[in-house]
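Everything below concerns the one structure shown next.
Chains as they are written, first to last, in this note's numbering: chain A, 63 to 301; chain B, 8 to 312.
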């Protein structure tokens with residue numbers, strides 16, 4: 063089953079084509095890495111797929127809904143987190159999760175149970191009443207991820223979720239991604255860490271608004287005749 | 008005399024100890040890297056060294072001047088590229104640069120020699136408002152502005168965070184060029200792979216400096232024996248590893264699995280192979296490799312836990 067199907071997805075800002083007829087699909091439960099240089103069009107593409115921006119032409123079906131006609135439905139069926147915005151610093155951990163869960167319409171009692179389950183999975187039960195401002199960034203990011211999937215979305219978009227996080231917590235974060243994918247949630251993730259690209263089932267590389275490469279990490283390495291995704295990226299961008 | 012000499016600096020914000028007894032020196036002509044995750048204390052230390060924030064205790068000299076008593080002279084002598092974009096978005100590229108030059112009673116022409124390689128790349132956009140530049144170009148303009156008064160010491164707070172791998176490399180090439188023109192460079196980064204571009208680095212975590220050395224020495228001081236093996240099911244492998252009895256540390260590393268043995272490798276390696284077979288794990292060839300800075304950082308943090 064496919065979670066995302068993009069068909070000739072295009073976005074123009076004036077004369078500038080930010081996203082140029084991109085086509086791809088992502089399977090349910092897949093971890094799909096979305097790579098590209100700064101300014102390649104990644105953020106614009108993600109904004110369209112999450113129903114925040116209408117395409118100029120083309121369409122994408124996300125969780126069974128068209129981004130052209132059903133953007134409201136899409137917002138209900140996806141989760142989103144980024145490095146820039148994740149949780150409110152002035153609320154406690156519990157309050158943050160309660161706020162996001164309520165926005166997504168999870169019934170109060172059910173929500174309480176889910177929050178406790180998810181905190182105990184992170185071994186953070188005892189910190190439910192701590193202010194988010196007081197916890198280290200790495201923990202914040204793990205918590206933001208747990209919050210983004212509290213409403214059990216079909217797809218979660220992660221925009222540079224591990225930027226600036228220490229190497230140990232980065233790996234713990236990826237463990238959470240794997241668990242979520244194994245439970246059937248589709249993961250759409252961007253990163254500038256090329257070792258993380260290797261953890262994805264499939265990756266794609268965007269440049270100048272077009273989707274230039276797509277495949278499993280080993281396919282792409284073979285195709286470019288190099289040993290690491292870092293080399294694939296460098297070779298590709300420089301050529 | 009060292010360009011920077013930091014003695015016992017402490018800084019606390021409420022309950023958070025942002026810096027704990029920091030001691031370090033930076034020598035003239037070095038590229039010195041402060042390497043650690045967000046929240047480690049890198050920006051706090053930068054703010055203290057650039058005289059924007061007072062330490063709770065301890066002292067430091069910059070180019071022989073005291074950070075508290077001589078702060079005005081320090082500000083005239085150093086360049087500082089802050090972690091957040093702080094140029095005027097409504098002024099053009101040229102206007103921003105003119106403005107910063109004027110503030111330091113200098114001019115673009117006077118210091119063309121030092122900024123030329125970067126300025127050449129900015130020239131096609133010189134009339135564009137700074138707010139409308141791409142991320143990479145903004146960073147290059149900010150660097151020009153920080154260099155326009157020819158400082159002998161340049162501070163760069165996370166200049167490459169969120170920048171793609173190719174642009175990151177280009178930025179480091181520019182830093183090397185600046186170093187060759189006689190500027191001492193102090194730079195912070197959360198990217199472990201950039202550590203090797205520095206002459207010396209301090210690894211920083213939770214307000215503590217956990218190591219100061221050359222990248223080569225840090226690698227040479229790695230305590231364990233690092234092995235790597237390719238595997239298609241890294242996270243499946245992670246799940247069974249807590250049943251392996253010998254002392255070791257393990258973590259995914261790209262498409263490879265890294266395992267660090269702390270017992271005699273001649274015994275540990277066969278035991279590990281046996282363990283994999285017993286658990287029905289097909290695996291690729293296990294080979295010994297040299298650790299990189301990320302492996303070292305993981306080992307150093309884990310030894311502290």
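Heads up, the beta-carbon is just placed ideally off N, CA and C, and yes, glycines get one too.
For residue i, the residue or residues it bridges with in DSSP
i, result
"residue 212/A", "DSSP, once it has assigned bridges, lists no residue as partnering residue 212/A."
"residue 273/A", "268/A"
"residue 120/B", "Looking at the DSSP assignment, residue 120/B forms no beta bridge with any residue, so it has no partner."
"residue 136/B", "99/B"
"residue 98/A", "268/A"
"residue 17/B", "64/B"
"residue 106/B", "Paired residues: none, contrary to the question."
"residue 141/B", "None; residue 141/B has no bridge partner."
"residue 75/A", "78/A"
"residue 87/B", "162/B"
"residue 209/B", "41/B, 219/B"
"residue 195/B", "41/B"
"residue 69/A", "121/A"
Anticipated Cβ contact below 8 Å, residue i with residue j, distance rounded
i, j, result
"residue 193/A", "residue 154/A", "6 Å"
"residue 92/A", "residue 264/A", "7 Å"
"residue 143/A", "residue 94/A", "No, residue 143/A and residue 94/A are not in contact; Cβ-Cβ is about 16 Å, not under 8 Å."
"residue 153/B", "residue 145/B", "Wrong, their Cβ atoms sit about 13 Å apart, outside the cutoff."
"residue 267/A", "residue 97/A", "5 Å"
"residue 219/B", "residue 209/B", "5 Å"
"residue 265/B", "residue 235/B", "5 Å"
"residue 252/A", "residue 224/A", "Their Cβ separation, rounded to whole angstroms, is 10 Å, which puts residue 252/A and residue 224/A out of contact at 8 Å."
"residue 217/B", "residue 307/B", "5 Å"
"residue 171/B", "residue 269/A", "Not a contact, Cβ separation roughly 10 Å."
"residue 274/A", "residue 286/A", "Actually they are not in contact, since the Cβ atoms of residue 274/A and residue 286/A sit about 11 Å apart, beyond 8 Å."
"residue 184/A", "residue 120/A", "Not really, about 39 Å apart at Cβ, beyond 8 Å."
"residue 176/B", "residue 244/B", "The pair is not a contact, with the Cβ atoms about 32 Å apart (cut-off 8 Å)."
Separation of residue j from residue i, as counted between CA atoms
i, j, result
"residue 206/B", "residue 191/B", "11 Å"
"residue 60/B", "residue 68/B", "14 Å"
"residue 269/B", "residue 219/A", "39 Å"
"residue 155/B", "residue 172/A", "60 Å"
"residue 151/A", "residue 230/A", "23 Å"
"residue 49/B", "residue 164/B", "8 Å"
"residue 2/B", "residue 166/B", "The structure shown does not extend to residue 2/B, since chain B is modelled only from 8 through 312, so no value can be given for it."
"residue 261/B", "residue 258/A", "6 Å"
"residue 136/A", "residue 73/B", "58 Å"
"residue 195/A", "residue 280/B", "45 Å"
"residue 200/A", "residue 310/B", "19 Å"
"residue 81/B", "residue 88/B", "15 Å"
"residue 127/B", "residue 63/A", "51 Å"
"residue 117/B", "residue 101/B", "15 Å"
"residue 302/B", "residue 21/B", "33 Å"
"residue 25/B", "residue 65/B", "14 Å"
"residue 226/A", "residue 88/A", "27 Å"
"residue 134/B", "residue 233/B", "53 Å"
"residue 138/A", "residue 43/B", "37 Å"
"residue 186/B", "residue 52/B", "21 Å"
"residue 142/B", "residue 203/B", "24 Å"
"residue 158/B", "residue 95/B", "21 Å"
Beta carbon of residue i nearer than 8 Å to that of residue j
i, j, result
"residue 298/B", "residue 229/B", "yes"
"residue 98/B", "residue 106/B", "yes"
"residue 86/B", "residue 162/B", "yes"
"residue 173/B", "residue 11/B", "no"
"residue 238/A", "residue 149/A", "no"
"residue 18/B", "residue 62/B", "yes"
"residue 296/B", "residue 276/B", "no"
"residue 41/B", "residue 13/B", "no"
"residue 107/A", "residue 84/A", "yes"
"residue 212/A", "residue 159/A", "yes"
"residue 129/B", "residue 147/B", "yes"
"residue 242/B", "residue 166/A", "no"
"residue 125/B", "residue 150/B", "yes"
"residue 66/A", "residue 111/A", "yes"
"residue 187/A", "residue 181/A", "yes"
"residue 217/A", "residue 125/A", "yes"
heavy atom of the ligand HEM below 7 Å from residue i C-beta
i, result
"residue 118/B", "This structure lacks the ligand HEM, and indeed carries no ligand of any kind."
Cross-chain neighbours of residue i in chain C, by beta carbon under 8 Å
i, result
"residue 172/A", "Given the protein chain composition of this structure (A and B), no chain C is represented."
Self-check item: Uninterrupted beta strand (DSSP E) stretches inside the stretch 216–294 of chain B (no shorter than 3 residues)
Solution: 232–237, 255–260, 263–268
Self-check item: Secondary structure, beta strand (DSSP E): runs of 3+ residues fully inside the stretch 103–169 of chain A
Solution: 119–124, 140–144
Quiz item: What are the uninterrupted segments assigned as alpha helix (DSSP H) that are 4 or more residues long and contained completely in the stretch 179–228 of chain A, given in chain order?
Solution: 199–210
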